[in-house]
Amino acid sequence: MAEKIQEFIIKYLSKKGKLPKNINIEEFNYIDTGYVDSMGLLKFVVELEQEFDVEISDNDIILPEFKTIGGLVKIIEDKKG
Numbered sequence: 001m002a003e004k005i006q007e008f009i010i011k012y013l014s015k016k017g018k019l020p021k022n023i024n025i026e027e028f029n030y031i032d033t034g035y036v037d038s039m040g041l042l043k044f045v046v047e048l049e050q051e052f053d054v055e056i057s058d059n060d061i062i063l064p065e066f067k068t069i070g071g072l073v074k075i076i077e078d079k080k081g
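Given below as structure tokens:
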């Protein structure tokens with residue numbers, strides 16, 4: 001499941017531009033690097049919720065883990081149970 005979630009996130013982020021090469025994809029901070037800005041965050045969350053049938057709360061969004069691909073994968077996996 002983690003692989004499917006990660007693939008979806010990477011595909012979504014790649015719409016904004018190519019992801020940097022030679023990075024640890026798990027630790028890539030897509031918010032601080034501008035791949036998802038404050039205006040796009042809501043759209044991103046809605047896409048994740050629809051794709052994985054989960055509800056992402058405001059509390060989830062403020063977690064430091066939410067900003068990284070690996071952290072976001074874990075949050076979604078935990079919600080899927």
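Using the numbering used here, read the sequence shown as starting at 1 and increasing by one per residue. A virtual CB, placed ideally from N, CA and C, is assigned to each residue, including glycine. Predicted model, so just to flag it, every value in this text is computed and none were measured.
Do you know whose CA, among 21, 27, 17, lies nearest residue 73's CA?
-> On the sequence shown, residue 73 is found 73 positions in, with the first residue counted as 1. For residue 73, the closest of 21, 27, 17 by C-alpha to C-alpha distance is 27.
7 angstroms Cβ shell around residue 8 - same chain, five flanking residues per side excluded = For the purposes of this step, residue 8 is taken as residue 8 along the sequence shown, with counting starting at 1. Once the five neighbours on either side are set aside, the close Cβ partners of residue 8 are 51.
Counting only the same chain and skipping the five closest in sequence on each side, list residues whose C-beta sits under 8 angstroms from that of residue 49.
-> For the purposes of this step, residue 49 is taken as the residue at position 49 of the sequence shown. Same-chain partners within the cutoff: 55, 56.
As assigned by DSSP and simplified to three states, the class of residue 22 | The residue labelled residue 22 in the question sits at position 22 within the sequence shown. Three-state result, residue 22: coil.
Less than 8 angstroms between the CB atoms is what I'm expecting for residue 63 and residue 35, so what's the real figure, rounded?
-> Counting from 1 along the sequence shown, the entry for residue 63 is found at position 63. Counting from 1 along the sequence shown, the entry for residue 35 is found at position 35. Separation of the CB atoms of residue 63 and residue 35 is rounded to 18 angstroms, and the pair is thereby denied contact status at 8 angstroms.
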